[in-house]
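Shown next, in structure tokens, is the structure this report addresses.
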Amino acid sequence: MNAWVRRVLAGGVALAAVMGLSVAEAHKASDAYLQLRSDDSVVTLRVDIALRDLDRDLVLDADDDGLLRWGEVRSRTADIESIAEHGVRLEVRDVQGAVCRPGAQAPLQLEQHSDGRYAVLVRTWSCASPPATGALSYGLFAMTDPSHRGVLVWRQGGAARTAVVAPGTVDMRLALRPEPSGGDGSADAAEAAEGDSHAAHGLAGIFRDGVHHIWIGIDHVLFLVVLLLPAVLRRQGGQWQPATAWRPALWSVLGVVTAFTVAHSITLALAVFDVVDPPSRWVESLIALSVLLAALNNLRPVLVETRWRLTFLFGLVHGFGFAGALKDLGLARSELMAPLVLFNLGVEAGQLAIVAVLVPLAWTARRWRGYPRWVLGAGSAAVASIAVVWLVERLFDVQILGVGA
23 MNAWVRRVLA
33 GGVALAAVMG
43 LSVAEAHKAS
53 DAYLQLRSDD
63 SVVTLRVDIA
73 LRDLDRDLVL
83 DADDDGLLRW
93 GEVRSRTADI
103 ESIAEHGVRL
113 EVRDVQGAVC
123 RPGAQAPLQL
133 EQHSDGRYAV
143 LVRTWSCASP
153 PATGALSYGL
163 FAMTDPSHRG
173 VLVWRQGGAA
183 RTAVVAPGTV
193 DMRLALRPEP
203 SGGDGSADAA
213 EAAEGDSHAA
223 HGLAGIFRDG
233 VHHIWIGIDH
243 VLFLVVLLLP
253 AVLRRQGGQW
263 QPATAWRPAL
273 WSVLGVVTAF
283 TVAHSITLAL
293 AVFDVVDPPS
303 RWVESLIALS
313 VLLAALNNLR
323 PVLVETRWRL
333 TFLFGLVHGF
343 GFAGALKDLG
353 LARSELMAPL
363 VLFNLGVEAG
373 QLAIVAVLVP
383 LAWTARRWRG
393 YPRWVLGAGS
403 AAVASIAVVW
413 LVERLFDVQI
423 LGVGA
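Structure follows, in structure tokens:
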């Protein structure tokens, strides 16, 4: 086997371990939620920003006891409003083309989301005529968290539109008027086409957000990695041996990927539609436990040929971990199907990209004598150690790695 393949594979496992140590809230992406509503001559923008993100930039936890109290947050209201004002800019124009007048900022509030508490900031714009368009520029946490995303929901008439906006977005045009029901006016036709274009762009953003969520969800990634590493080996005489044929290895990979896909798709849908709503703390803890058990199964194999069963069981838990990004959109149940399907497809695309990179490298490296010991063994031991830290942090709400669990 080529030396560079060994180095790439071993380095990749080591990198994943280092990433795991640096990310305690591994499956929680940095998201803000924006809701834009237009009523007659008034436009309202609500921005929900995670306190954990604000704490990173502003150090809200003044006494450093690991708890954010209302008094600590309220004392930094001006700083929070400044971050929101500079990070989220909206210009609204009415049907006459006049710029609508922004009003005062509403008092700061807090709201519990599926993944923690958020600061809620609300501002209104008053228009002389019915509002027609908005131009949104977005730059929250552009300098401190490049992975951050804003999830935007607005309504064009009665139809909900969604989009995922990244820091650096400038003057994204939003159609606020209802789509024309008929007529051949060129302005109306152009506005309708613009609305359709933004709707398609928004749905594509939901797909990309699914890819984004699994790629930055290092606990999901490590779970998948430790399940795939032994797929190119076979167990014989109590020892790991390189697979001699590619078909059994392929079936092993397909079994793992299919079980994970089916399982998390089921619970993602159940959670998004509020059929099942388990406490976030227990979901986070069980995800950490799933990573731990999958890694230990590589070190002391119990399930070898039936590893897909373990994958399916804990894949159900991972689905709940994916659900937060969609549950907090604020959409009606009837409006969730398209975002759910596209987000799930994005997760699958991100998962398949990981498989497409990892499995060929593992197959090439399987005959290296050090693969069972160093790649599978040492890699699984490192992942198990990380998972133990995650499990303790999430179960007992403590800090071990220096960042919030």
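Okay, so the sequence shown: first residue is 23 according to the numbering used here, each after it adds one. For every residue, glycine included, the Cβ atom is placed at its ideal position computed from N, Cα and C.
{"Item": "Alpha-carbon to alpha-carbon, A281 and T333", "Value": "6 Å"}
{"Item": "Buried or exposed by the 16-neighbour rule on C-beta atoms within 10 Å, applied to R183", "Value": "buried"}
{"Item": "P152 - DSSP class collapsed to helix/strand/coil", "Value": "coil"}
{"Item": "CB of F342 within 8 Å of CB of V305, strictly", "Value": "yes"}
{"Item": "Beta-bridge partners of I71, as assigned by DSSP", "Value": "A54, A141"}
{"Item": "Rounded C-alpha distance that separates P382 from G352", "Value": "41 Å"}
{"Item": "Proximal residues to T155 (C-beta, below 7 Å), its chain only, five neighbours per side dropped", "Value": "R115, R195, L196, A197, L198"}
{"Item": "Presumed contact (8 Å Cβ cut-off) between V254 and A271, rounded CB distance", "Value": "5 Å"}
{"Item": "Beta-bridge pairing of A371 - partner residues as DSSP gives them", "Value": "Partner(s): none; A371 has no beta bridge."}
{"Item": "Simplified DSSP state of D101, which is helix, strand or coil", "Value": "helix"}
{"Item": "Test item: CB-CB of G502 and Q421 under 8 Å", "Value": "Look at the range of the chain in this structure, 23 to 427, and you will see that residue 502 is not part of it."}
{"Item": "L262 - containing alpha helix (DSSP H), residue span", "Value": "Before going further, note that residue 262 is Trp rather than Leu in the sequence given. W262 -> not in any alpha helix (DSSP H); beta strand (DSSP E) instead, spanning 261 to 264."}
{"Item": "Assigned secondary structure, V326 (DSSP; H/G/I helix, E/B strand, else coil)", "Value": "coil"}
{"Item": "Alpha-carbon to alpha-carbon, P153 and V45", "Value": "Model confidence at V45 stands at a pLDDT of 48, short of 50, so the residue's coordinates are unreliable; what they give is reported in the following sentence. Those two C-alpha atoms are separated by around 43 Å."}
{"Item": "A403 - DSSP class collapsed to helix/strand/coil", "Value": "helix"}
{"Item": "Helix, strand or coil at H235 [DSSP, three-state]", "Value": "helix"}
{"Item": "C-alpha gap between A387 and R395, whole angstroms", "Value": "12 Å"}
{"Item": "The ligand SAH heavy atom lying under 7 Å from the CB of F245", "Value": "Looking for the ligand SAH in the displayed structure turns up nothing, as the structure carries no ligands at all."}
{"Item": "Reference H234, options L290, A128, Y160, V369, closest by Cα", "Value": "V369"}
{"Item": "Rounded Cβ spacing between V186 and V173 (contact assumed at less than 8 Å)", "Value": "6 Å"}
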